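All remarks here apply to the structure that follows.
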Amino acid sequence: MSEYNDHIAIVGAGIAGLALGCFLQKYQIQNIVIERNNNISDEGAGISISPNGIRVIERLGLLKELKKKAFHNTSASFFSEYEHVLTNPVNVFTSTRSNIYEILKKEYLKKGGQILFDSEVTSINKNKCELVVNKKDRYKVKHIVACDGINSLLREKGQKNKNIYSGYSCWRGIIKQNINNVNLVMSPKSHTVIYPTAQEGYASFVGVIKKEKGFVDSWRETYPTESSIYSWFDYRSRMFDQSPKRGLRIDHILLSENLKNSINAVGIDYDARAMEKPSDHCPVWLELNE
């Protein structure tokens, strides 16, 4: 058995795993990163870093490096079915997955971190804090942290309920397009976010499309043609106070198909939005028949 009794095992050498590893190295906490692949792919992946993520990068002393390999977005434009709604100031850096990965990997290794590539965690014993890697190597560690992505073995072992398909499918990729700010396009059955990367002439996109099978939007099921009631109003632009009101419907209560006939009433609470110092979002409520 390979002994790492005083180490924190980070499973997954992606952005989350390496960022955690950098912090642990900074504070001289023993750790080891375990990665099943021999490298990290940047396939189809642009990354946006919002202010909370920027603070993490800054605390690691890597903001200067990030600025060299990222695009600094200062505005975001919202569209409702391709009709412009508003443009807001933002503070977001966008880049490719590989750029951010290389920055973190370089910093982690410079601080003395250790990455075990080609090491797939094949089983875990949570009670004993043990990992089996590649079906043969056993590691005893102090703590285990799951940073191994969407097909996480650790999440599968740790969660009580299985994942449920929401009815939405998502595509990500890099496209040839010149843009200089974040664009968010929203419609009843799809949402798309497009943002520039550090590479001139290229942009990253994320598209989410509602499929026929999956969950039902309770509001749209009840009001199939209503298009003037919204759930989100930007407070900077005082969109809620305008006449007619200008906003987006981006807050949903989703139901499985077998419950759609049980809908008694559904609503968006404008009264709560009209209160002093409200959220941008209105409460959405649903009443079901027994």
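Here this note's numbering is used: the first residue of the sequence shown is 8, the next is one more, and so on.
For each residue, glycine too, the CB sits at the ideal point set by N, CA and C.
Since the model is a prediction, treat every value here as computed from it, not as a measurement.
Cα-Cα separation between S250 and P285, rounded to whole angstroms: 19 Å
Cα-Cα separation, F381 to N95: With the chain covering only 8 through 297, there is no way to say anything about residue 381.
When you compare the CB positions of R256 and Y277, do they come within less than 9 Å of one another, or not? no
Name the DSSP bridge partner or partners of V294? According to the sequence provided, residue 294 is Glu. The question's Val does not apply to it. DSSP lists A272 as partners of E294.
For R245, the three-state DSSP class (helix, strand or coil): coil
Which partner residues of D125 appear in the DSSP bridge assignment? Its beta-bridge partners do not exist; DSSP assigns none.
Assign E10 to one of three DSSP states: helix, strand, or coil. strand
Status (buried if at least 16 other CB within 10 Å, exposed otherwise) for F124: exposed
Going by DSSP in three states, A23 sits in which element: helix, strand or coil? helix
Which of the three DSSP states is assigned to E109 in this structure? helix
Using a Cβ-Cβ distance cut-off of 9 Å, determine whether S244 contacts chain B. Considering every chain present, this structure includes no chain B. It has just one protein chain.
What residues in its chain sit with their C-beta under 7 Å from that of V99, if we drop five residues either side in the sequence? S55, I56, S57, N80 and V189
Would you please state the rounded distance, in angstroms, between the beta carbons of L73 and I22? I believe it to be under 8 Å. In fact, because the Cβ distance is near 12 Å, the residues do not count as touching under 8 Å.
Straight-line Cα distance separating K113 from F240: 42 Å
Please give the ranges of any beta strand (DSSP E) in the region 222-266, keeping only runs that are unbroken, at least 3 residues long and fully inside the region. 222-224 and 261-263
Look up K76 in the DSSP assignment and give the residues it is bridged to. In the DSSP output, where bridge partners are listed per residue, K76 has none listed.
My assumption, with CB atoms under 8 Å, is that D229 sits in contact with I260. Please give the rounded CB distance. The residue asked about is misnamed: residue 229 is Thr in this sequence, not Asp. Actually they do not touch by this definition, with Cβ atoms about 11 Å apart.
Per-residue DSSP class, three states only, for G53: strand
Starting from N44, follow the beta strand (DSSP E) in both directions and report where the run begins and ends. Segment: none, N44 is in no beta strand (DSSP E) and carries neither H nor E.
Given this structure, state the Cα-to-Cα distance separating K135 from V215, to the nearest angstrom. 41 Å
Any idea if I39 is buried or exposed, counting beta-carbon neighbours within 10 angstroms, 16 or more meaning buried? buried
Go through its chain and collect everything with a Cβ distance to S130's Cβ below 6 Å, but skip five positions before and after it. V139
Who pairs with D144 in a beta bridge, going by DSSP? V140
Please report the straight-line C-alpha distance between K118 and S105, rounded to a whole angstrom. 20 Å
Just verifying my parser: in three-state terms, what is the DSSP assignment at N95? strand
With burial defined as no fewer than 16 other Cβ atoms inside 10 Å of the residue's Cβ, what is the status of I182: buried or exposed? exposed
Euclidean distance between Cα positions of F222 and S263: 5 Å
Where DSSP assigns a beta bridge to C177, which residues make up the other side? V215
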